[in-house]
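S.K.: Structure provided below as structure tokens; questions to follow.
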Amino acid sequence: MASPDKAKLLIVDDDDEIRTQMRWSLSSDYEILQAGNREGALQQFKEHQPSVVLLDLGLPPRPNLTDEGMNTLAEIVQSAPKTKVIIISGQGERENALEAIGRGAYDFLSKPVDTDELQLLLKRCFYVAELERDYVKMQRQLNEDAFEGMLGNSEPMQKVFGLVRKVATSDAPVMVLGESGTGKEMIASAIHKRSSRADGPFVPINCSAIPESLLESELFGHEKGSFTGADSTRIGKIEQAQGGTLFLDEIGEVPLSVQVKLLRFLQEGYIERVGGREAIKVDARIVAATNADLKKGMADGSFREDFYFRLAVVELNVPPLRERGEDIEYLATTFLKRFAAEAGNGNLSFSAAALKSIRSYAWSGNVRELQNRVRRAAIMCDGNRVSPEDLQIPSSNRIPAGTTLKEAREALEKELVEAALAKHKGKITAASAELGISRPTFYELLDRLGIKR
Ligand SMILES: Nc1ncnc2c1ncn2[C@@H]1O[C@H](COP(=O)(O)OP(=O)(O)OP(=O)(O)O)[C@@H](O)[C@H]1O
Ligand SMILES: [Mg+2]
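Numbering-wise, the working numbering comes out as the position in the sequence shown, counting from 1, plus 11.
Here it is, written out as structure tokens:
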């Protein structure tokens, strides 16, 4: 009887009696699946994904030979390498059993099978399988919250994380530089969380979002009656960051008058509220960020050099997404998993064409753009394969500049042929029908484009 709580065990043997016997002794502990030949075994295996399989090597049509059994073993191990396959071998077949172990079987038992021995071996197998599953899950989780919520296994990102760890231990001001959407705010917040100030506040302020006339009072606060509309005393962002970290986003947008005042705070550690006379001591670590070219600002006089050097004691460059190699795909699939679950569509994955377009797209909006496109695709996708169209990645972006018409045509042909082959699991008739061409033409294409079946 099927029970959702029991572990699944597949028994493959052509001898009905042996199967029945085993089922008798094992069904109280396991959910038993059975098969009497290779096809049946593989079908049950694909459908139920048992973590342990008991396999008799001598299967029909030639029960006296081991090839059907060996093939079954090979296919199971290839499709799910962690499966524990236990070989049940006849008397005097020790050699075959050893060969099977060489090909990926986990262990073997000789007929007649001793029930106690079998029980014990099964317990151990399921236990090991469970440990392995937990381990994989743990590793995945470790990766998921790899670094304060930031994903990134690529070398440039690992370097960035290393720098964050290092600067977090000091109080030095940090300047985070990077294109828009690269994760500058996340980096700033990671610096805070990794620092001894982690229990204090992290106060972000986007300097470009606040009108110039209000920025000073937003940052420094104001006393009651200091200007029209100031009907009560308010503390500013700097004071709010007392004991914590102040994140000055889009620092390149700060007007010169406010730069001077911020510079004074950086030098002396005191501020004055707008309209106030008292110097207030504030202990806040400063992290600033910009995607603008501050060197240009310094050259044309819109950004003070002394302010820059005070702010950028440490400079941290966050690389654009397109320079993060394998991370692009990793981030895309992680986001897809996340958003698909949110959209109640847990089975979504990218089509081969989608992955290809993700790899070659320029991602000028970086991680933010990737996140937005994947979020949208998770909602818009029909079925469970996300296509380049779901991601709204224009196809022209998949063809690099300088491509000849012939190259472009071949690239497109290759993409379509590969997609059709993948969709129909290598079946030429179905794949050629889908593309509306004859089988001979399809073979010609495979040849010409150098595609292996
Ligand atoms: N390495 C990463 N792993 C996971 N999510 C990330 C990563 N980097 C950025 N993000 C996500 O991408 C989005 C943009 O990040 P963030 O706001 O930190 O970037 P930014 O550089 O400050 O962007 P902008 O210049 O637009 O202000 C956020 O939703 C953030 O959660
Ligand atoms: Mg930002």
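Glycine residues also receive a C-beta, built at the ideal position from the N, C-alpha and C atoms.
Pull up the distance between the alpha-carbon of Pro-92 and that of Asp-145, whole angstroms please.
M.R.: 16 Å
S.K.: Using a threshold of 7 Å, is the CB atom of Lys-195 nearer than that to any non-hydrogen atom of ligand 2?
M.R.: Yes; taking the cut-off as 7 Å, the Cβ of Lys-195 has a heavy atom of ligand 2 nearer than that.
S.K.: Let's see if you can read the secondary structure: which residues bound the beta strand (DSSP E) around Val-185?
M.R.: 185-188
S.K.: Closest Cβ-Cβ distance between Glu-50 and chain B: below 8 Å?
M.R.: This model lacks chain B altogether; it includes just one protein chain.
S.K.: If you reduce the DSSP assignment to three classes, tell me which class Leu-162 lands in.
M.R.: coil
S.K.: Starting from the N-terminal side, write out each stretch of the alpha helix (DSSP H) that is 4 residues or longer and does not extend beyond the region 328-373.
M.R.: 338-353 and 363-371
S.K.: Just curious, the beta strand (DSSP E) that Ile-297 is in, first and last residue?
M.R.: 296-301
S.K.: For ligand 1, any of its heavy atoms closer than 7 Å to the Cβ of Gly-308?
M.R.: no
S.K.: Could you compute how far the alpha carbon of Ile-262 sits from the alpha carbon of Gly-447?
M.R.: 57 Å
S.K.: For Arg-288 and Pro-215, what's the separation of their Cα atoms in angstroms?
M.R.: Roughly 26 Å separates the two Cα atoms.
S.K.: Figure out for me which residue from Asp-67, Ile-246, Pro-74 and Asp-78 has the closest Cα to the Cα of Arg-120.
M.R.: First, the residue type needs correcting, since residue 120 is Leu and not Arg in the sequence shown. By alpha-carbon distance to Leu-120, the top candidate from Asp-67, Ile-246, Pro-74 and Asp-78 is Asp-67.
S.K.: Fully enclosed by the region 207-284, which beta strand (DSSP E) runs are 3 residues long or longer?
M.R.: 213-217 and 256-260
S.K.: Considering only their Cβ atoms, is the gap separating Leu-188 from Glu-6 smaller than 8 Å?
M.R.: The structure shown does not extend to residue 6, since the chain is modelled only from 12 through 464, so no value can be given for it.
S.K.: At what residue ranges does the region 30-70 contain a whole run of the alpha helix (DSSP H), taking only runs of 4 or more?
M.R.: The region 30-70 contains these whole alpha helix (DSSP H) runs: 49-59.
S.K.: Among the candidates Ser-36, Ile-87, Glu-104 and Ser-268, whose CA atom is the shortest distance from the CA of His-59?
M.R.: Distances from the CA of His-59 to each of Ser-36, Ile-87, Glu-104 and Ser-268 were compared; the closest alpha carbon is that of Ile-87.
S.K.: Kindly indicate the opening and closing residues of the beta strand (DSSP E) around Ile-404.
M.R.: Per DSSP, Ile-404 belongs to no beta strand (DSSP E) and is neither H nor E.
S.K.: Closest to Cys-136 by C-alpha separation, out of Ala-201, Leu-65 and Gly-163, would be which residue?
M.R.: Leu-65
S.K.: Let me check one thing: in DSSP terms, what residues is Val-325 bridge-paired to?
M.R.: Val-185
S.K.: Any contact between the region 246-264 and the region 200-211? By contact I mean 3 or more CB pairs, one from each, below 8 Å.
M.R.: yes
S.K.: Can you determine whether any heavy atom of ligand 1 sits closer than 7 Å to the C-beta of Gln-382, and answer yes or no?
M.R.: yes
S.K.: Quick one: give me the first and last residue of the beta strand (DSSP E) that Phe-453 is part of.
M.R.: Going by DSSP, Phe-453 is part of no beta strand (DSSP E) but of the alpha helix (DSSP H) stretching over 450-460.
S.K.: Taking DSSP as the reference, what is the three-state secondary structure of Lys-292?
M.R.: Three-state result, Lys-292: strand.
S.K.: Less than 8 Å between C-beta atoms, sequence neighbours within five positions excluded: which residues of the same chain meet that for Asp-317?
M.R.: Leu-274
S.K.: With Leu-305 as the anchor, note down where its alpha helix (DSSP H) starts and where it stops.
M.R.: Going by DSSP, Leu-305 is part of the alpha helix (DSSP H) stretching over 305-310.
S.K.: Quick one: Cα of Pro-405 to Cα of Ser-191, how far?
M.R.: 21 Å
S.K.: So, are the CB atoms of Ile-97 and Tyr-117 less than 8 Å apart?
M.R.: yes
S.K.: Look at the alpha carbon of Asn-328 and the alpha carbon of Gln-253, and state the distance between them as a whole number of angstroms.
M.R.: So the alpha carbons of these two residues sit roughly 27 Å apart.
S.K.: Please classify Leu-76: does DSSP put it in a helix, a strand, or coil?
M.R.: coil
S.K.: Buried or exposed for Arg-464, please, with buried defined as at least 16 other CB atoms from any protein chain shown within 10 angstroms of its CB.
M.R.: By the 10 Å Cβ count, Arg-464 comes out exposed.
S.K.: Check whether the region 367-387 and the region 416-424 touch, using three or more Cβ-Cβ pairs below 8 Å as the test.
M.R.: Contact fails: fewer than three Cβ-Cβ distances are below 8 Å.
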